[in-house]
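Sequential numbering of the sequence shown, starting at 1, is according to full-length UniProt numbering. In this text, a Cβ means the ideal position worked out from N, Cα and C, and glycines have one as well. Please read the structure below before turning to the comments.
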Amino acid sequence: MSALLKNAVDSLAIGIEDYSANDPRRTLSAVRNFYAGAVLLAKEVLSRKVPGVSPDDILGAKYKPMPNGKGGVDFVQDGSATIDFQTIGKRFKDFGIKADTKRLEHLNKIRNDIEHRYTTQTDATIREAIATAFPLISDLFAEAGESPELPPIRQHY
């Protein structure tokens, strides 16, 4: 298992544990962990589409041209930032990956609100946003050819 996939699986598992606790404080933690796991899993799927290439070449957020010493340029990652949620959706299309990333949109907005200020969403609404993303997670694991041992998630959606 790659380090990226392990991080995704661990984050998803913690998010599911938080979700299953049925405690509003843990629901906030579930948002962060589950969303992070989903994004990491999506990055793993992208990386696997071109196995002979460094993941940095696929997941980098910015690139810059550098002279290659042969009269041309090579594009190299500029900094360590990786692609965000919106860019993942675009790269999925570019790579021919069919995934309903819209299932993460509401969760992304809630996560952004939680991390930058606060959310006005109810616990039930937040839990529903997480549950809405479960099928996407299943699809991403299938796209990656993986079936990890996670806490049961089907009962939650």
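Exercise. Can the beta-carbon of A99 be found less than 8 Å from the beta-carbon of E146?
Worked result: no
For this session: Please list, in chain order, all residues of the same chain as V50 whose beta carbon is under 7 Å from its beta carbon, the five residues on each side excluded.
Result: I58
Exercise. Does the beta-carbon distance from V9 to L107 come in below 8 Å?
Worked result: no
Problem set entry | Reference I114, options T27, P135, A42 and F134, closest by Cα | T27
For this session: Go through its chain and collect everything with a Cβ distance to F95's Cβ below 7 Å, but skip five positions before and after it.
Result: L46 and K49
Exercise. Based on the DSSP output, what are the partners of Y63 in its beta bridges?
Worked result: Q77
Exercise. Since T82 sits in a beta bridge, which residues does DSSP pair it with?
Worked result: G60
Problem set entry | N-terminal and C-terminal residue of the alpha helix (DSSP H) that V9 is part of | A3 to S20
Exercise. Distance, Cα to Cα, residue 174 vs V76?
Worked result: Given a span of 1 to 157 for the chain in the structure shown, any question on residue 174 remains unanswerable.
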